[in-house]
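Enquirer:
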Amino acid sequence: MDDLYRDHILDHYKRPRNFGELEPHDLERAEHNPLCGDELGVHIRVADGRIEDLRFYGHGCAISQAAASIASEELKGMELTEAATLDADWMLDLLGIPISATRRKCALLGLKVVRGAVSGDSSWPEQSR
Amino acid sequence: MPQAVSGLAPAGASLAVRQDFPILGRRLGGKPLIYLDSAATSQKPNAVIDAVADYMRHHNANVHRGVYPLAAESDAAYEGARTRIAAFTGSQAPQWTTVFTRNVTEAINLVAASWGRANIGPGDAVLITEMEHHANVVPWQMLCTERGAELRYLAIDEHGQLSLEALQDELDRGDVKLVSFTHVSNVLGTINPVADITQRIRTAGAISFVDGAQAVPHMPVDVATLGADFYGWTGHKAVGPTGIGVLHGRTDVMEAMQPFMTGGDMIASVDLFSATWNELPYKFEAGTPAIAEAVGLGAAVDYLSAVGMERVRDHERALTGYMLTRLAEIPGLTVVGPQDAGARSGLAAFTIDGMHPHDIAELAGRAGVCIRAGHHCAQPLMRRLGLAATARASVGIYTEAWEIDALIDALVAGRAVFED
Ligand SMILES: Cc1ncc(COP(=O)(O)O)c(C=O)c1O
Numbered sequence: 123m124d125d126l127y128r129d130h131i132l133d134h135y136k137r138p139r140n141f142g143e144l145e146p147h148d149l150e151r152a153e154h155n156p157l158c159g160d161e162l163g164v165h166i167r168v169a170d171g172r173i174e175d176l177r178f179y180g181h182g183c184a185i186s187q188a189a190a191s192i193a194s195e196e197l198k199g200m201e202l203t204e205a206a207t208l209d210a211d212w213m214l215d216l217l218g219i220p221i222s223a224t225r226r227k228c229a230l231l232g233l234k235v236v237r238g239a240v241s242g243d244s245s246w247p248e249q250s251r
Numbered sequence: 002m003p004q005a006v007s008g009l010a011p012a013g014a015s016l017a018v019r020q021d022f023p024i025l026g027r028r029l030g031g032k033p034l035i036y037l038d039s040a041a042t043s044q045k046p047n048a049v050i051d052a053v054a055d056y057m058r059h060h061n062a063n064v065h066r067g068v069y070p071l072a073a074e075s076d077a078a079y080e081g082a083r084t085r086i087a088a089f090t091g092s093q094a095p096q097w098t099t100v101f102t103r104n105v106t107e108a109i110n111l112v113a114a115s116w117g118r119a120n121i122g123p124g125d126a127v128l129i130t131e132m133e134h135h136a137n138v139v140p141w142q143m144l145c146t147e148r149g150a151e152l153r154y155l156a157i158d159e160h161g162q163l164s165l166e167a168l169q170d171e172l173d174r175g176d177v178k179l180v181s182f183t184h185v186s187n188v189l190g191t192i193n194p195v196a197d198i199t200q201r202i203r204t205a206g207a208i209s210f211v212d213g214a215q216a217v218p219h220m221p222v223d224v225a226t227l228g229a230d231f232y233g234w235t236g237h238k239a240v241g242p243t244g245i246g247v248l249h250g251r252t253d254v255m256e257a258m259q260p261f262m263t264g265g266d267m268i269a270s271v272d273l274f275s276a277t278w279n280e281l282p283y284k285f286e287a288g289t290p291a292i293a294e295a296v297g298l299g300a301a302v303d304y305l306s307a308v309g310m311e312r313v314r315d316h317e318r319a320l321t322g323y324m325l326t327r328l329a330e331i332p333g334l335t336v337v338g339p340q341d342a343g344a345r346s347g348l349a350a351f352t353i354d355g356m357h358p359h360d361i362a363e364l365a366g367r368a369g370v371c372i373r374a375g376h377h378c379a380q381p382l383m384r385r386l387g388l389a390a391t392a393r394a395s396v397g398i399y400t401e402a403w404e405i406d407a408l409i410d411a412l413v414a415g416r417a418v419f420e421d
């Protein structure tokens, strides 16, 4: 079994959760992966300061699509203030696979657009450990 | 479906040069290194590595300044490389001037700035094509924006080729002052009919720039016969070092141009508030040049000449035919560009249904096969093709058929990972 392309990763890649467009939405953000030019965007609907619903759209590799799909399940219901502070560790732990330096941006692109949508932060998520 | 060109050397043929490239003896993770990314950069033979080291060990001194014997050796090494490089591409002095740059990107920027600013203005047009590398797009965008000129694109057809009729239509509009196009596409593999194109450009009274980055390493190139006014290429793809590129230009055109960068070496004399320019090619080589790298590129063209560029082209053409035939065995795989190996250079960019190119390259890499994935610095072309990215395998002088077989095996195994 491949350590990167584990079953759960491939499952989220082939059957991504919360993918498509969300209308109406309150927040949105789209960005390109500088490595390959792939685009990933997010639509977020807000209620009571929380992420009531969200959808990712765009295209990408198995790592970026699976990361966005897995993150989307955790993000639903999360307070915006919390979502704004999520770091790279959160995403990499959720993914649960070893991510090499060359694929880091693929893994973190979904979180980056979410943070951009909720707080306007356009930096790459940092790793704290 | 792609077909191998018949009558060429059988698969398995090789130029028997692998032992000249020390890196190809490496093993990574217990597997032999299979390098199919020569379109990004080529590997280097001992002849080049040794020439750079020998220059640094025994002949190093600044050029064009010293009167002592060591400086004369350094001058001879640097200028000797220039002369041999010019001969290699059929662009000898005095009709042609050969300028060292950092890479082809700088060669294009040089012409866009020095020729473009003086000759392009409002109402003029610069024509490029849909198959250009960003290096041959962005400098012209900047120039046209700055000068209030129009940038237009020559379309590619469904086979990834340019149409001479469409070119003629563009030229007949009467406003095109410069046409810049690639000799060989780094994504489609298309070999453009350069001489036919430059002849039309010349007849229309416009100037031509040809980007030879993907041509010089892979086939005989004779700039005079190709008829371009400017021809640029990059050393690191042609078994030479990084940091060294070449601009060949028509001497009469370059005489009339202002310098690109200014400073030492490129001046004749400097007063407090003005300066006069050195003669060609030094007018375009400000500051201490990449001497060791130029010497290395001189060794690279000697090496390529010794192997023979006709042989290189024949070998790579046979390999390309073989690669296209074998790639066609993989279900869901689509190669972009011309389907005939005779019309293309030694690379194949492709997609596989249900797999992102990144994942294709990642899985190939785990099998020791180095291929590239992404937009290959050609986003306008990718958009035209309706693709975000492709995987790309590219061959070089040292590539052998068994490596293509290893690529196919890796792709088949990779596909299995993604199958439901
Ligand atoms: C067709 C083409 N033009 C230009 C370039 C740019 O070369 P360099 O980065 O050496 O300037 C490349 C290489 O990537 C290329 O393939």
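These protein sequence lines are chains A and B, in that order.
The first sequence lines up with residues 123 to 251 when you count with this note's numbering.
The second sequence lines up with residues 2 to 421 when you count with this note's numbering.
Positions of the beta carbon are idealized from the N, C-alpha and C atoms, including for glycine.
How would you label B:Met57, buried or exposed, when you count the other beta carbons within 10 angstroms and need 16 or more for buried?
Expert: Stepping through the second sequence from its first residue, residue 57 of chain B is reached at position 56. So B:Met57 ends up on the exposed side.
Enquirer: Just how far apart, CA to CA, sit B:Pro218 and B:Ala239?
Expert: Residue 218 of chain B sits at position 217 when you count from the first residue of the second sequence. Residue 239 of chain B sits at position 238 when you count from the first residue of the second sequence. So the two alpha carbons sit approximately 4 Å from each other.
Enquirer: Given a cut-off of 9 Å, decide if A:Asn140 and A:Lys198 are closer than it, judged by their beta-carbon atoms.
Expert: One-based indexing of the first sequence puts residue 198 of chain A at position 76. One-based indexing of the first sequence puts residue 140 of chain A at position 18. Judged by beta-carbon spacing, A:Asn140 lies within the 9 Å limit of A:Lys198, meaning their Cβ atoms are closer than that value.
Enquirer: Given this structure, state the Cα-to-Cα distance separating B:Met310 from B:Tyr304, to the nearest angstrom.
Expert: Position 309 of the second sequence, counted from the first residue, corresponds to residue 310 of chain B. Position 303 of the second sequence, counted from the first residue, corresponds to residue 304 of chain B. Looking at the two C-alpha atoms, the distance is approximately 10 Å.
Enquirer: Assuming B:Leu320 contacts B:Gly347 under a Cβ cut-off of 8 Å, what Cβ separation, rounded to an integer in Å, is found between them?
Expert: Looking up residue 320 of chain B in the second sequence gives position 319. Looking up residue 347 of chain B in the second sequence gives position 346. 6 Å between Cβ atoms; contact.
Enquirer: Taking Cβ-Cβ distances shorter than 7 Å, what residues in chain B pair up with A:Asp124?
Expert: On the first sequence, residue 124 of chain A is found 2 positions in, with the first residue counted as 1. Correct list: Val418.
Enquirer: Using 8 Å as the cut-off, can you tell me whether the segment 154-174 of chain A makes contact with the segment 359-378 of chain B, which would need three or more C-beta pairs spanning the two stretches below that distance?
Expert: yes
Enquirer: So, using beta-carbon positions, are B:Leu281 and B:Glu317 closer together than 9 Å?
Expert: As a first step, residue 281 of chain B is located in the second sequence; it is residue number 280 there, counting from the start. As a first step, residue 317 of chain B is located in the second sequence; it is residue number 316 there, counting from the start. Not a contact, by the Cβ cut-off of 9 Å.
Enquirer: In terms of alpha-carbon separation, which member of B:Gly387, B:Leu152, B:His376 and B:Asp406 lies closest to B:Val370?
Expert: Stepping through the second sequence from its first residue, residue 370 of chain B is reached at position 369. Cα-wise, what sits closest to B:Val370 is B:Asp406.
Enquirer: Tell me, please, which residues DSSP counts as bridged to A:Asp175.
Expert: Reading the first sequence from its first residue, position 53 is the one you call residue 175 of chain A. Bridge partners of A:Asp175: A:Arg167.
Enquirer: Could you name the residues of the segment 213-230 of chain A whose beta carbon sits closer than 8 Å to any beta carbon of chain B, in the order they occur along the chain?
Expert: Arg225 and Cys228
Enquirer: List the endpoints of the continuous alpha helix (DSSP H) containing B:Glu147.
Expert: Within the second sequence, numbered from 1, the residue matching residue 147 of chain B stands at position 146. B:Glu147 -> alpha helix (DSSP H) spans Val139 to Arg148.
Enquirer: Report the CB separation of B:Phe261 from B:Ser115 in whole angstroms; it is logged as a contact under 8 Å.
Expert: By one-based count along the second sequence, residue 261 of chain B stands at place 260. By one-based count along the second sequence, residue 115 of chain B stands at place 114. The pair is a contact, with the Cβ atoms about 5 Å apart (cut-off 8 Å).
Enquirer: Any beta-carbon of chain A closer than 9 Å to the one on B:Gly375?
Expert: Looking up residue 375 of chain B in the second sequence gives position 374. By this cut-off, B:Gly375 is an interface position.
Enquirer: Under DSSP, the beta strand (DSSP E) around B:Leu179 begins and ends at which residues?
Expert: Residue mapping note: residue 179 of chain B aligns to position 178 of the second sequence, counting from 1. Per DSSP, B:Leu179 belongs to the beta strand (DSSP E) from Val177 to Thr183.
Enquirer: Determine the direct distance from the alpha carbon of A:Ile185 to that of A:Val235, and round the result to whole angstroms.
Expert: Locating residue 235 of chain A in the first sequence gives position 113, counting from the first residue. Locating residue 185 of chain A in the first sequence gives position 63, counting from the first residue. Going from the Cα of A:Val235 to the Cα of A:Ile185 covers about 15 Å.
Enquirer: Using a Cβ-Cβ cut-off of 9 Å, state whether B:Leu364 counts as contacting chain A.
Expert: Residue 364 of chain B sits at position 363 when you count from the first residue of the second sequence. Yes, its Cβ sits closer than 9 Å to a Cβ of chain A.
Enquirer: Answer yes or no: does any C-beta atom of chain B fall closer than 9 Å to that of A:Tyr179?
Expert: Taking the first sequence and counting its residues from 1, the one referred to as residue 179 of chain A is at position 57. Chain B contact via Cβ: absent.
Enquirer: If I follow the unbroken alpha helix (DSSP H) through B:Phe89, where does it start and stop?
Expert: For the purposes of this step, residue 89 of chain B is taken as residue 88 along the second sequence, with counting starting at 1. Pro70 to Phe89 is the span of the alpha helix (DSSP H), which, as asked, contains B:Phe89.
Enquirer: Helix or strand or just coil, what does DSSP make of B:Lys32?
Expert: Taking the first residue of the second sequence as position 1, residue 32 of chain B is located at position 31. The answer is strand: DSSP assigns B:Lys32 an E or B state.
Enquirer: Let me have the residue list for ligand 1: C-beta closer than 5 Å to any non-hydrogen atom, ordered along the chain.
Expert: B:Asn104, B:Val105, B:Thr106, B:His134, B:Ala136, B:Thr183, B:Asn187, B:Asp212, B:Ala214, B:Gln215 and B:Thr235
Enquirer: Using a Cβ-Cβ cut-off of 9 Å, state whether A:Arg233 counts as contacting chain B.
Expert: The count along the first sequence starts at 1 and reaches residue 233 of chain A at position 111. Before going on, a small fix: residue 233 of chain A reads as Leu here, not Arg. No, because no Cβ of chain B sits closer than 9 Å to the Cβ of A:Leu233.
Enquirer: So is A:Glu161 in contact with chain B if we call contact Cβ pairs under 9 Å?
Expert: Residue 161 of chain A sits at position 39 when you count from the first residue of the first sequence. Chain B, which has a Cβ nearer than 9 Å to the Cβ of A:Glu161, makes this yes.
Enquirer: What is the DSSP secondary structure of B:Ile331, reduced to helix, strand or coil?
Expert: Within the second sequence, the letter at position 330 stands for residue 331 of chain B. If DSSP states are grouped into helix, strand and coil, B:Ile331 belongs with coil.
Enquirer: Would you mind telling me which residues of chain B sit closer than 7 Å to A:Ala184, beta carbon to beta carbon, in chain order?
Expert: Locating residue 184 of chain A in the first sequence gives position 62, counting from the first residue. Chain B residues near A:Ala184: His357 and Asp360.
Enquirer: In three-state DSSP terms, what is A:Cys228?
Expert: Looking up residue 228 of chain A in the first sequence gives position 106. A:Cys228: helix per DSSP, three-state reduction.
Enquirer: From B:Met143 to B:Leu111, what does the alpha carbon distance come to, in whole angstroms?
Expert: Taking the first residue of the second sequence as 1, we reach residue 143 of chain B at position 142. Taking the first residue of the second sequence as 1, we reach residue 111 of chain B at position 110. Each residue's Cα considered, the two are about 13 Å apart.
Enquirer: Please report the straight-line C-alpha distance between B:His249 and B:Glu133, rounded to a whole angstrom.
Expert: Translated into positions along the second sequence, residue 249 of chain B becomes position 248. Translated into positions along the second sequence, residue 133 of chain B becomes position 132. Taking the straight line from one Cα to the other gives about 19 Å.
Enquirer: If distances are taken between C-alpha atoms only, which option among A:Gln249, A:Leu233 and A:Ser250 comes closest to A:Gly242?
Expert: Position 120 of the first sequence, counted from the start, is the residue given in the question as residue 242 of chain A. Of the candidates A:Gln249, A:Leu233 and A:Ser250, the one whose C-alpha sits nearest the C-alpha of A:Gly242 is A:Leu233.
Enquirer: Using the DSSP secondary-structure output, state which residues sit across from B:Trp278 in a beta bridge.
Expert: In the second sequence, residue 278 of chain B corresponds to position 277, counting from 1. Note: B:Trp278 sits in a beta bridge opposite B:Ile268.
Enquirer: So B:Thr130 packs on B:Leu163, CB below 8 Å; how close in whole Å?
Expert: The residue labelled residue 130 of chain B in the question sits at position 129 within the second sequence. The residue labelled residue 163 of chain B in the question sits at position 162 within the second sequence. That belief holds up - the Cβ atoms of B:Thr130 and B:Leu163 are roughly 6 Å apart, short of 8 Å.
Enquirer: Would you check if there are 3 or more beta carbon pairs closer than 8 Å linking the segment 171-180 of chain B to the segment 118-129 of chain B?
Expert: They touch, by the three-pair rule.
Enquirer: Quick check: what's the CA-CA separation for B:Arg367 versus B:Ile35?
Expert: Here residue 367 of chain B is taken as the residue at index 366 of the second sequence, counted from 1. Here residue 35 of chain B is taken as the residue at index 34 of the second sequence, counted from 1. Computed Cα separation, rounded: 11 Å.
Enquirer: Output needed for A:Glu248: all residues of its chain with C-beta closer than 8 Å, excluding positions within five of it in sequence on either side, in chain order.
Expert: By one-based count along the first sequence, residue 248 of chain A stands at place 126. Same-chain partners within the cutoff: Asp209 and Ala210.
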